[in-house]
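Everything below concerns the one structure shown next.
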Ligand code: 8YV
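Numbering (full-length UniProt numbering), first residue to last: 2 to 334.
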């Protein structure tokens, strides 16, 4: 029965989630909230059936090699699983699950906030006041660009992308998207969304780009310097997915050089923004907050627990991450 299942938790989680984990399973919690070292992750994994992991736990081939035979499930707290070598896990018969649906609406709110904040120069305005640089109201001072009527190009119209599209429609944006294949025609019609098979062609036409695909070897630097150069100079880039998908150095160069109008970012190639990006004009930079609400974090924990419970009871957990399938888009079989 599930009470015999031993669960190792790699980070502090919301109190109600930790309490529920301890009620249901033989759970090994932490009293500190710093990421575990590679060695500490391995020794925790060797001693448990299930690892409740998060972003920042590097679960690579070497980890699975060293983890031993007891570990059977990695239940990730979060949607993105780019820190986990799914193939290496599956080769050892280890299942990997994530928590994709529960955070989509909150993540979309943050993307929408950036889609408005960047063209309207919100962060610049705040900084001007804080720095004592407000010259007083003027008809021509700090003018931004209107959001209504612009074209939004979504790269990866999955759960989060769709939630962004719904919001963006209410703000009067038209929806363009690039996926490996079109979404179902009913939804496409409902969103009045235009599918672009060619990412390059879409980039040349949109005013705001929103990055919403998972980070995989295939999407690393998908927005390369060459592709960023396809954007019109008045275009903006918004990314709440993973920093690695955008060539951050090229992005900062282009904003600095006036070749792009600005960016709203929640994620970075090296975890935190580069100096160059921090200094770039008209950027709104957030510290990975898109799913950071009390409600989403509790529901992420509850969803993770559902996956562990199903596994413990001998069923297939609902949010299995299947290699080769886009876990953020396709319903798991
Ligand atoms: C979390 C995220 O901050 O779900 C994701 O992929 O990036 C965020 O929701 C993080 O992953 C928590 O583990």
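Backbone N, C-alpha and C define an ideal beta-carbon position, used for all residues, glycine too.
Using a Cβ-Cβ distance cut-off of 8 Å, the region 239-256 and the region 84-92 are not in contact, since fewer than three pairs of beta carbons, one from each stretch, lie closer than that value. Within the region 20-48, the complete beta strand (DSSP E) segments at least 3 residues long are 27-29, listed from N- to C-terminus. Sorting 57, 66, 64 and 94 by C-alpha distance to the C-alpha of residue 83 places 57 at the top. In this structure, the straight-line span from the alpha carbon of residue 110 to that of residue 103 is close to 13 Å.
CA-CA distance, residue 72 to residue 107, rounds to 32 Å. Here the distance from the Cβ of residue 289 to the nearest heavy atom of the ligand 8YV is below 7 Å. With a cutoff of 7 Å, residue 102 does not count as near the ligand 8YV, since its C-beta is closer than that to no heavy atom of the ligand. Residue range 209-212 is occupied by the beta strand (DSSP E) that includes residue 209. Shortest Cα-Cα distance from residue 211 to any of 256, 225 and 156 involves 156. Check the Cα spacing between residue 37 and each of 47, 52 and 12: the tightest is with 12. Taking residue 294 as the centre and dropping the five residues before and after it, the same chain places the C-beta of 107 closer than 7 Å to its C-beta, in chain order. In this chain, residue 78 is not harboured by any alpha helix (DSSP H); it is covered by the beta strand (DSSP E) spanning 74-78. With contacts defined by Cβ atoms closer than 8 Å, residue 75 and residue 52 form a contacting pair. Relative to the ligand 8YV, the beta carbon of residue 55 is positioned inside 7 Å of a heavy atom. The three-state secondary structure of residue 187, taken from DSSP, is helix.
The alpha-carbon of residue 199 is positioned some 15 Å away from that of residue 219. Counting C-beta pairs with one atom in each stretch, the region 286-303 and the region 266-277 have three or more that are closer than 8 Å, which means they touch. Looking at the DSSP output, residue 60 bridges to 85.
Distances from the CB of residue 221 to the heavy atoms of the ligand 8YV are all 7 Å or more. By the neighbour-count criterion, in which a residue is buried when 16 or more other Cβ atoms sit within 10 angstroms of its Cβ, residue 63 is exposed.
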